[in-house]
Structures are given as C-alpha cells and as structure tokens.
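Residue numbers (the numbering used here), protein chains in the order written: chain A, 249 to 496; chain B, 249 to 496; chain C, 249 to 496; chain D, 249 to 496; chain E, 249 to 496; chain F, 249 to 496. For glycine and all other residues, C-beta sits at the position ideal for the given N, C-alpha and C. Remember, it's a predicted structure, so these values are computed and weren't measured experimentally.
Number of protein chains: 6
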Amino acid sequence: MHLRVINPNTTRAMTDLIGRSARVVAAPGTLVDAVQPTMGPASIESHYEEALAVPGLLEQIALGEAEGVDAYVVACFGDPGVDAARELARGPVIGIAQAAMHAASLVGRRFAVVTTLGRTTGRARELVDRYGFRDACVAVRACEVPVLAIDGARARLVDECRRAVQQDGADAVVLGCAGMAELCAVVGDEVGVPVVDGVAAGTVLAQSLVALGLRPAATGEYAPPPAKQMTGLLAGFEIRADAPVAVA
Amino acid sequence: MHLRVINPNTTRAMTDLIGRSARVVAAPGTLVDAVQPTMGPASIESHYEEALAVPGLLEQIALGEAEGVDAYVVACFGDPGVDAARELARGPVIGIAQAAMHAASLVGRRFAVVTTLGRTTGRARELVDRYGFRDACVAVRACEVPVLAIDGARARLVDECRRAVQQDGADAVVLGCAGMAELCAVVGDEVGVPVVDGVAAGTVLAQSLVALGLRPAATGEYAPPPAKQMTGLLAGFEIRADAPVAVA
Amino acid sequence: MHLRVINPNTTRAMTDLIGRSARVVAAPGTLVDAVQPTMGPASIESHYEEALAVPGLLEQIALGEAEGVDAYVVACFGDPGVDAARELARGPVIGIAQAAMHAASLVGRRFAVVTTLGRTTGRARELVDRYGFRDACVAVRACEVPVLAIDGARARLVDECRRAVQQDGADAVVLGCAGMAELCAVVGDEVGVPVVDGVAAGTVLAQSLVALGLRPAATGEYAPPPAKQMTGLLAGFEIRADAPVAVA
Amino acid sequence: MHLRVINPNTTRAMTDLIGRSARVVAAPGTLVDAVQPTMGPASIESHYEEALAVPGLLEQIALGEAEGVDAYVVACFGDPGVDAARELARGPVIGIAQAAMHAASLVGRRFAVVTTLGRTTGRARELVDRYGFRDACVAVRACEVPVLAIDGARARLVDECRRAVQQDGADAVVLGCAGMAELCAVVGDEVGVPVVDGVAAGTVLAQSLVALGLRPAATGEYAPPPAKQMTGLLAGFEIRADAPVAVA
Amino acid sequence: MHLRVINPNTTRAMTDLIGRSARVVAAPGTLVDAVQPTMGPASIESHYEEALAVPGLLEQIALGEAEGVDAYVVACFGDPGVDAARELARGPVIGIAQAAMHAASLVGRRFAVVTTLGRTTGRARELVDRYGFRDACVAVRACEVPVLAIDGARARLVDECRRAVQQDGADAVVLGCAGMAELCAVVGDEVGVPVVDGVAAGTVLAQSLVALGLRPAATGEYAPPPAKQMTGLLAGFEIRADAPVAVA
Amino acid sequence: MHLRVINPNTTRAMTDLIGRSARVVAAPGTLVDAVQPTMGPASIESHYEEALAVPGLLEQIALGEAEGVDAYVVACFGDPGVDAARELARGPVIGIAQAAMHAASLVGRRFAVVTTLGRTTGRARELVDRYGFRDACVAVRACEVPVLAIDGARARLVDECRRAVQQDGADAVVLGCAGMAELCAVVGDEVGVPVVDGVAAGTVLAQSLVALGLRPAATGEYAPPPAKQMTGLLAGFEIRADAPVAVA
C-alpha cells in the first residue's frame, strides 16, 4: 500500500516533519511518502493562503495518480482542496482536520480543537459543522502562535489545551495544525486526556479505507471533472481525454 | 457607489450576461461593472474547477481594490473564494448563492434550489448549511444541463422548478447558476412562486450593505492576511507591506 | 417606489426617529414614510404588549394597501405580526429583527444581539432560530434599559456591545430595539466591529426585494385570509369579498 | 383544582365541544370549564385571524385570574397568545399543539401532525421547532378541510392519518385542530397507532403541572408585564399598579 | 388506575422514598406502588451499573404485566431500559429524566439539569438530545455528591442550582437523581424558579397518558420482541409463545 | 497488537463469520480473535434482546482485560453496551454501527443504512444522531429479513441498497447487521457505490486508535465505575478494589 501525505505549503522543514509523523504510525508494509507543491504560500494562516495553496496541492494529486498512489492525506488543518482532490484521485483523500476529529470522537465524548491563530477558528468551526461534530466539539481555541513558530511555543500550546480540559470540559483535544504533529505525545502527557494529531490520524484512517477497499463512487459528486479548457497562468491544469490532468 | 460583479470563469458571453442582469436592478447612482479573470476554467461544474477559478477571482479583487471599488458580487453559485476575497477587500463581498438564499428566505418560507448538474448539489447543500438555511431549504434539485448550455434549456429548467413547487412544497425557487440570470422572469411567470436570481440579488444586497456603511471587521477572521512569501507559478500573489496584493 | 415603515407602538417621538433613520439609507427615488397605529401600547417590552400591538399594525397595513404601498418594514425587534401582515400585503413585509440579522450575517461570521430588557431575550432567541441564525448568533445580551429610556443610556449600550465582542467573540453586533437606531453609528465607532440597526437594514432590504420584483406567492401560507366574520371590539377587521380588510 | 379551557374563536358550538372533550379526561376533583372571547374571528385559519384572536384570549385570562383559575389550556392548534397569557396568569398556560406534541412523543418515536388547511402547516412546523420536536415529527400533513367543516369530513381525516402512518412511517398522530377532538377515538381505531387530541392532552398536562406545584418563575420572561398606557380600541387592556389587567 | 414506580437499584430506602414522592402527587383513585429488582447494583452512577440494572428492571416489568399494571415510571435519571421495557409493557413506560425534562419545558423556557456525579453528565446530555431539548436545556451541572449521600448534601445541591439560575440563565431546574425527590420543594423555595423532580413528574405524566388512553403502537419499534432463546445466567428471560416473559 | 471482536449474541456460526471478516482486513502483525458471551439471546432484534445481551458482553470485556487485549469491537449494529464496556476497558471500544458510519462518511457525502427488521430502525437513527451523522445519513432502510436468515436473502438486501442509491441519492451504503459482513463485497459490486461492513470497519478503526496510542481519558465519563455491591443473579459482576470486575 502506497500512501502519500501532501503538505500544501512550500516549507520543506514542515514537509519533513509531516513525513516523519506519518511513518511512525503506519502499519508494516505500508509505504508512506511526503511531498509539497511547486508553487504557493510558505504557510497557511488565512482563507487567502488556503485558496492559493490548492493549485499546487492538485498538481501533487495529479502526479500521485500517475504514480499509482493508493490514498492521500492533506496535511493542513483547513483541509484545503480536499473535495477537488477527490475528483482527481481514484483512492481516498482525507484532510487532517477531518481525520483528527473522527479519531477524537472515537475515544472521547467532547473534544476541543486547539489551533494556531484566532483568525483561523472560523474555518475550523466550519469544518466541525461539515463533518457532523457540532455536538461533539465543545470549543475551538487558539494559542495565537503562527504556524512556523509553533515548535518553540510548547508551553502556550499546553496551557491552551489545559484550559480546554478544565474550562470547557473537553475529554479529548484535537491539535489544529500539522506543525504540531511532533508535540502530540508531550502535550498528551501534560494534559491527561487523549490528544490527537491529524497527520498521524489521517495516515491510519487513509490506510484503513484502503484496507477496506473503499473509494468514492465513480459517479456523482466525486466523479472526474468534465473536460474543460483552462486559460492563463493555470493553463496546463485542464482535464483532457488522454490524461486526467495535464500539469504543465 | 461602485459595485463590481466578478464572473469567476473565463467565458466572455457569460460575463456580459451577468453585467446586464446586475445593472437592471441597481439603484440610480450606482455604477455596476462586470469583469472576469485572466486565468482559469471556461465554466465551473466541479470542485476542481471551482478551486482553480479562485486565483483569477482574487486577482480581480486586488485590481478592484486599487480602483476603489465599494463592494463585490462573486457570480458563481458555488460562492468560490468568497472568504478569501473578504480578506483582500475593504468593502463587502457577497456570493450569489448566499445572496439568492437570503432573498428567497425573505419572501418565502420554504425555498428550493434548482441548479445545473447533479454533481454540484453537494456544494449547494454545503452552502445551505453554512448560511443557516437548513430548515428553510426544502430541496436541492438539478436539471442536468451544463452551465454553458443552460440558455437553450429553458423547458427543462421550468419543469424542475415546477417539481420543486408541486412535489417539495417550495414557495420560492432559487436559481442555482449565474447563467440562468436572464431566465428568471420567464421562469417566475411559469411556476407561480417567486424565483430568485443570485446575480440580481447579490447586486441589491451588496448595494444595501454599502448604503448601511457595513464592512467586515478590520480585525478577526477577515483581517488582511499576514505578509507571506508565495512561490512558483503563483509568485506575484504575495501580500506585501507596501501593497496588499501584488498581482504579477 | 413607496416604502412604509410602521412603528407598532403609539409613541410619536419614536415614529419620528424611525422615519429619519429609514430615510437616511433609502436610495434616490425611494419614498419612505413612517406611521404608527391608532391603538395599542406606548412601547413593547413583553409578549403581552407585543400581542396587543398587532391589531393596530394590521390596520396600518390595510391602509397602506389602499394607498398602494410597495413594501413595509415593521419597526419593533420582536417582529410582531409580520406573518399576519404578509397575508394582507401584496408586496414584501420585513421585520427589523429579521432584517438586522440577515445584514449582520452578510458582513460577519458570528453576531451578537444586544437588546433592552432581559425579559425580551426569549423572543429574540426564538427569532434567531426561526430565521436560521442559530449557529451565526453567539449571544443575546440585554443592557436592562427600558425602550423609551434607551436614548439616554448610550454608555450602558456601548458596554454591553463591548462585552459581546470581547467575551463572546462576536464580529458584528445587532441592535435589538428600533429606539437604538440613531445610536448605531456612534456605537459602531466605539466597539470596532460592524453594528447593525434593523430600521435601516429593513429599509434597504425591503427596497432590494421590490427592485428584484419579489413578493410572496399568491397561494400558500401567505395567501389572503379566507373571508370570515369578526365580532366584538374587533369587528371592522373582517376580511370581505369586496375589500381585503375593512378597518372601521 | 380549577382548570379553564379557552376556545380562542367565537363559535359557541366549538367551545361546547372543547369543554366536553376536556371534562372526559380530567381527574376526579378537577373542575373544568370552557369559555370563549367576546371579540374576534369565528374560526382561525390564517396568521391574520390568529393575531386578531389574541386580545379576546387575553381578556379571558384576565377574567380567569380574577376568579382564581389554577391553569389554562388554549384550545387552538396555533397556540396563539400563549406566551402573552403566561405573563398574565399565575399558574401554567398550555397550548394544545404543545400538549399534543409532548404527549405523542411520550408514547411514540415519530409522530405526524394532521391538520386542516395546508396554509396553516407553516405555523405548525414553527411550533414543532419551538417545542423541540424537529427530529420527532416526521411530517405535517393537511386534509384541506376548513375548521368549521371538520366534523363532517371524518373520512378525509382518516385517509390523511393513514398516509402519515404508511408513507411517513409515523407511529403516532397528532390531530392539528381543536375541532377534531371528538374524532380522536374513532380515528385511532382506524389507523392503528395512538392518536392524540390536544384538548384532552392539554387538560391532563395542565392538571399535572398544578399537581406538581409548578408555575412559571415570577421573574424573567414570564413576569407580569410592566405598567403601560394602552390607547385606542385597546384601551382597557393596560396593566396598572392596582390591577394586573383592567379589561373594559 | 394502577401505576408502578420501579427503582432500578436494590437499595430499599430509596425505593421507599420514591414511593412516597410518587404518591404525594397522584390523583385520587390512582393506586401507586413502588418496587425494586431482585438483582443488580446498589446504586447507579456509571454506564456499567446502568447496564446491569436493566435485567432486574425488566423482570419487574414482566411481573407487573402479570398483575395488570397500567403504566410504569422508571425511577433512575439515566432512564435505563426504558425502550426495552416498552416492548414488554402494554401500557406507557416513562423514565424520570424524560418526564422531568418535559415538565420543565412546559413551565420554563430554558432549564438546567443538576445531577449527582460529573461522570453521569454525558448520559444526561444524551437524553436531552434524544428527547428534543437541545435548545431548551442551557446546562447540565453536577454537584459531585454520590447518589446514596445526596440526602445529606442539600447545601451543595442548592448552590449548584443557584449557579444554574444565575450563571446559565436557567428559569427552571431539573433535579438529576431520583434520590433528590424529597429535596425538590426546599430547593425550589431557595432558588426562586420552578424545580422539577422526575419521580413526581413521571407519576403525573404516566397517569396522564393512561387517562388519554394512549399506549405505544402494537406494531413497530415497541411491538413485543420476537420469541427467542436465552441462555446462561439469563435463561428464564426468554420470550415464549405462551407467556410474554418467563422470569425464572 | 491484540484486537478482540465480541459477538454479543450466543450463535456460534455468527461468531465465526465475524472473526473471519475481521481477520481479512487486519494489518500484518495484528492478532484478531472473536468471542461470544456465555449468556444472553441467540440474536438481537429488539431493545429487549439488546439489553439482555449486555451482561454477557461485559463479562467478555472483563475476561479480555485479564488477558491484556488492546482494543475491542462490539459486533452488533445497535452498539449495545459500548459505553459500559469503555468503563471496564483500558483500550478503545468501538461499536460496528459507529465504525461503519465513520468509514462511510469518509468516502461518501450522503450514506444510507440498510438493516434487517424495520423495528430496529429507531435504534439505528438514534445512533446516527449520537455519532453526529444526522446530515450525512439520508435514509435508514430495512429489508425485513431476520438476523439469522440474512445470509439467504442477498437479493432483498441488494434491492434495498439499490433503492437507497436511486431513490434517496445515497453515495455510500452502511450494512446494518454484523451478519451481513460477508455479503459486503458482492453487494458493493451490484450497487455501484461503496458499501461498508461494520465488522471490517470496526477492526481497522480499532487498530488505528491503538496505533495512535489513543485510549479514553482515565478520568471522567469513562473512568472505571465506583466499587459497588451487586446482588442476585448478577452477583459476581461487582467492581472490587482488588479486581476491576469479578465475573462469577
């Protein structure tokens, strides 16, 4: 089984971190690699950056399909481009917000999300609703640390997770950024409830879906997009009869 | 007051149609223009195309800000890139799905959405939920006609709208595609309940928000994105200190 | 276009205030007048008063229909009698709670309502639910100032709006009383997020619906009521074959 | 214990029917009487009529308070004026829609409402939501028979109830009109699931609340309304310091 | 009419208390007795104990059916085994959580539940959702006193109820344990809003359903279970053709 | 890693089937065994049988804890006793309804449940709500075949699944009975959308949680139950200081 974890931003250190985190939890016999786009923002902390990360993400899906990848994990907590990616991929595509929330709801009854900047909590709540966890999610909190600085801000992250447990009554915590992946264990030790990293959760859930032989229906919402002309800078992204996506 | 309606696809005839539809309903003294991106898909009928339409849409927002535009209408029923656009714009940005649903819920009690292809109904339902109309929307129907062929498929559109009224009990119909704008009056005459076109609805609602002096809070979710490096094809879309967005 | 704003209480100063607020935002060419009933309570701060304000409101709708008014705004935050009014009127009827919530949800993501007396918050929450804003509305707060004293209580109103922003995370505020209309700008300046007055919002939204040519379906829930005998004090309010409503 | 059932319309035969239905189910020792207003519509089949029935209903509550009535049932399926009545009454006030839905949800898992005219289903659904039965209520159906003709339309009522059971999967039926009270047993025999009449349900639930010693909190939403001037036709309904309501 | 209140735990003093509380509110002519199982836990403070209380509860239902009991109240706030009991009983079965929440929502607008141990609040919230009171219930609080010690912890109970009123804005309080039944009046006096004990509420509601002649549909979800072999310790609990349940 | 799948009924052939289905999807290195209780019903098709299956299920959890099992799957679609089991187990416990719904919502947008007897659909819907899939689940259907006869009723199962796809618009189907496990592949081939068997889904999800190191919080709702006396037939199930559960 070949899983690919895609970091939708262009920061190499984060791609490496994500790859390590995914490989730790994969089953024996599962090949996991981690890639990043050739274009787009250095990190994703706004709707604007999320939108501009998607073309590069889709390029990586197209390349993965050519290589026969079995399933993908999109490693940004806004789950950018996941629906679009599903139209290109033959196998499952899971976002790390989706994966982490599913996992948290399987071990706890009321989870909290603890993320980076407050400005991203609107998107997080939107995903909570989309995935059906409105009742299960008791709070979305931000520790107000930028994505690329999160590694040095462990104490603030732990503090915010503790507040989620003590003030909101959370019995599980979802870490709201791929950059927090390697802090998961240490935060869990300190807060005393299960703490979920979406990169690891996405890896095992994608692996699970492949093991079950599940892939989106070939018709309907996630069918391949209709052949269509693409112009300007994005020429090269069109869908053609002879090649699902022809990335320049 | 200067309103700009942005067609997020690259089909000129559709941009012209959208501009006409918007100008019909604007108040005296409101200047309305219609533009389209320099890049992207010819029409939007999938998550994939929607995602790839957004960079060009954002480019148009950046250009509009340089010109002092007061408010924007995004004229595709998936409301692509609306949140990202709000981070760039000083004034209001409204999607036509959002606008049409708000208008429908102000004149009826139970509206139905009638859109183009069945594969887009998932996105339409997602927007129904996001905007709070889960109880107000009794059905999302598709007439299975592609966006660029809708003008010649009036009979199928009317049939589907009639089913919404007779079978689903809708007392208002929302047309689910910008390309249906000029069919609104004739469809309304035939189905006997109010029929709402989002291009017109977006125009008057954007105008309303400007008249009220309302614009998103300068802090919080829709604050300008942080300065950030952008690489690859999308270089030129970075946010800089001296210019909000520097489109190449 | 002829819009009529109806103050459902019998206090002349408030009718004048409401008229001024509405005219400020109306488009050129829109005639706006403001009226009040010949019967009913001096202000509305309970379910009891709201119920007794409705006959006088309906009387004004009947008079407006005789004059050919195009649309109505009901200027009390409980939106009293709006559904009944829709059965009498040919054009749109909007309540100011409905209008303000719609406008707030178009510029912010999470609005709060700040109203007069705590005893009215139950009705406000009921309207939040009815209009679909259960997720969008993060708080309903009261500043515990009576309707007719609100003009002298600006500081308390500003305090409560600030709490909505700082404690509840609201990024927009809806003012929960028609009597607050002229405080809207000053409160907005102080709290730093968009603040919405329902009288102004109702005016531009009613105007928008008329511009769109939208009016409730002639059949169904808002069809004219069946002809029916009315006895006692309320005789004169019956629906007759030759006149929709014969107000004594 | 003294219960009063108020028919909010002015048709004597219906008041008599309602009184009989209530007395059948009351416990030994409970005095039940049935009254009707001195003003208002002959029957209630629209929002308009519902609104104009409320002053007369409130008059009857005020008279009942003077007589020391312990609890009230409002016998119209739109539950008109119930919140206003709670502000005047010391004891509980229950609407028959509320009562019937509570009772149905205590014996079945998925109830349907079967009412008179289709135009009243919007109000019925609104009450379903208000009382928390959105998930429990699988359908709101109308048999399109006017209120005052329902007694002669038993077959159509039975047909519609059967459809609720067979097509909607209802395992309980709520009759959506006080005028259906005496049809309850016969309909129940024919459709094979529990059928609930709100007049009877309201009687036993009001009796239950009195037995429990429960009455609305003296402070808060249902506190007596503030003293207030009332003008015009409705003078006489003002709240005064020396008398809660002075009905002319 | 013969009502039976079943204490699902095996503590005699609690059974006695429950019987007294039920008899106080029953109507003249209603016979109320209180029983307890022959097996199971001494008190119920976990999912584990709740599960193990159910066989003994079902045994009591089977015995009651042999005696011709008309309706049952299950007197533990987790409403254990209520659906299973409904399949055995010909008449209504009500849990005290269900009963108390229904009663509270008939007199107040926003109730809070105050229960024993924090670990049981998950189950309480689940029941709030199941019964449709998600919007009506503003808080579920625990006073962290074990079930069998609640009688000596009146002050902590009152404190927690006061917080529900003052901090959560509750206008009614539901007591979350059968063991609190006799504290209901005194707590109500101290907190100033209606306080509901589920044992009393269950008694009057069960009595109400019998008076209405309502019992679950004989087909569908609550039909008698299919005849089935039962093995091991639970042999004797099988359903047989000649006897609904043959308890050893 | 040692996973245990518990068939909560006492039919050996079904335990064998469940074991086979689980082992097919487990990763290399994961030991999976399948067990059944020493007491309880031969199959589970009612609330009554579900309740009586739980003691035997809990006995198996207690035995598994003594053996050091890492995680459990409860292989009955009603997810009986799952919360109680979580209090006894150190590792994760997943029900097959929960597992199947999570998996379906990861590959499709709108799933349907197709189960055995119509009488069990109430419980299925309750679980849909509990797990947050109210919006994701478009229908719960029954093919009216008893659990132990399902293997010979493939055609009826396929028919019902097809109706879910064609009439309800489902793009994924959840099989609502452990006995359907080996029909999953063939049904999937016939209906053309992903079909999910909960036994397999539970196995890979339980395995995933163990790989992530996630287990319920040691405090809170799923903490070990308090030490407590158990009497009668169920003596031997008490929680003691020296042994978590002492099954006789």
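Arginine 252/D and glycine 312/D closer than 9 Å at C-beta:
yes
Terminal residues of the continuous alpha helix (DSSP H) containing tyrosine 296/C?
295–315
So with CB distances below 9 Å, who are the chain D contacts of glycine 436/F?
Neighbours of glycine 436/F on chain D: none; closest Cβ ~27 Å, over 9 Å.
Is it right to say alanine 454/C is buried, meaning 16 or more other beta carbons lie within 10 angstroms of its own, or is it exposed?
buried
For alanine 433/F, count neighbouring Cβ atoms within 10 angstroms of its own Cβ and tell me buried if that reaches 16, exposed if not.
Exposed: under 16 other Cβ atoms inside 10 Å.
Residues within the region 311–330 of chain F neighbouring chain A, beta-carbon criterion of under 7 Å
none
Drop a sphere of 10 angstroms on the beta-carbon of glycine 316/A, count the other beta-carbons inside from all chains shown, and report buried for 16 or more, exposed for fewer.
exposed
Mind checking who methionine 478/F pairs with in its DSSP beta bridge?
Pro289/E
Among all the DSSP beta bridges, which residues are the ones paired with isoleucine 252/D?
Here residue 252/D turns out to be arginine, not isoleucine, going by the sequence shown. Beta-bridge pairing links arginine 252/D to Asp281/D and Tyr320/D.
Give a yes or no on whether the minimum CB-CB distance between arginine 382/D and chain B is below 9 Å.
yes
Mind checking the region 446–471 of chain C against chain D and listing, in chain order, the residues whose C-beta falls within less than 9 Å of any C-beta there?
Thr467, Gly468, Glu469, Tyr470 and Ala471
Would a C-beta distance cut-off of 9 Å place alanine 448/E and alanine 314/E closer than the cut-off?
no
Using C-beta distances below 8 Å, list every residue in its chain close to threonine 368/D, excluding the 5 sequence neighbours before and after it, in chain order.
Glu293, Ser294, Phe325, Gly326, Ala390 and Gly424
Establish whether the CB of glycine 370/A and some CB of chain C are separated by less than 9 Å.
For glycine 370/A, a Cβ of chain C is located within less than 9 Å of the residue's own Cβ.
Which residues of chain D have a Cβ atom closer than 8 Å to the Cβ of aspartate 377/F, listed in chain order?
Asp383
Rounded to the nearest angstrom, what separates alanine 323/B and valine 362/B at their Cα positions?
16 Å
Go through its chain and collect everything with a Cβ distance to glutamate 402/B's Cβ below 8 Å, but skip five positions before and after it.
The residue you asked about is not glutamate; residue 402/B is arginine in the sequence shown. Closer than 8 Å at the Cβ level, and outside the excluded window around arginine 402/B, lie Leu431, Val434 and Val435.
What does DSSP give as the partner residue(s) for isoleucine 266/A in the beta ladder?
Isoleucine 266/A pairs with nothing; no bridge assigned.
Do alanine 351/C and valine 458/C have their C-beta atoms closer together than 9 Å?
no
Against chain C, does glycine 424/D count as a neighbour if the rule is that its beta carbon must be under 9 Å from one of theirs?
no
Assuming arginine 410/A is part of the beta strand (DSSP E), what are its boundary residues?
No beta strand (DSSP E) contains arginine 410/A, which is instead part of the alpha helix (DSSP H) from 402–414.
Outcome for glutamate 374/A when other beta-carbon atoms lying within 10 angstroms are tallied against a minimum of 16:
Residue environment analysis places glutamate 374/A among the buried positions, since at least 16 neighbouring C-beta atoms fall within 10 angstroms of its C-beta.
Given a cut-off of 9 Å on the beta-carbon distance, is the pair proline 285/E and isoleucine 254/E in contact?
yes
Pair within 9 Å by beta-carbon distance, alanine 420/C and arginine 488/C:
no
Counting contacts by CB-CB distance shorter than 9 Å, is alanine 337/C in contact with chain B?
no
Would you call the region 332–342 of chain C and the region 409–420 of chain C in contact, with 3 or more CB pairs under 8 Å?
Using a C-beta cut-off of 8 Å, the region 332–342 of chain C makes no contact with the region 409–420 of chain C, since fewer than three inter-stretch Cβ pairs fall below that distance.
Please state whether the Cβ-Cβ distance between proline 303/A and glycine 288/A is less than 9 Å.
yes
Check this for me: beta carbons of leucine 462/C and valine 355/B, under 9 Å apart or not?
yes
Just the Cα atoms here: how many angstroms apart are alanine 301/E and glutamate 307/D?
52 Å
Proximal residues, the region 356–367 of chain A versus chain E, C-beta separation under 7 Å:
For the region 356–367 of chain A, the residues whose beta carbon sits under 7 Å from a beta carbon of chain E are, in order, Arg357.
List, in chain order, every chain E residue whose beta-carbon is nearer than 8 Å to that of alanine 560/D.
The displayed coordinates of chain D run from 249 to 496. Any statement about residue 560/D would go beyond what the structure contains.
Just the Cα atoms here: how many angstroms apart are glutamate 297/A and arginine 378/B?
21 Å
Could you spell out where the beta strand (DSSP E) holding threonine 363/C opens and where it closes?
359–363
When the cut-off is 9 Å and only beta carbons count, does glutamine 308/F lie next to chain G?
Absent from the structure: chain G. Protein chains present are A, B, C, D, E and F.
For arginine 389/B, the residue or residues it bridges with in DSSP
Val362/B
Buried versus exposed, by CB contacts within 10 Å (16 or more), threonine 467/E:
exposed
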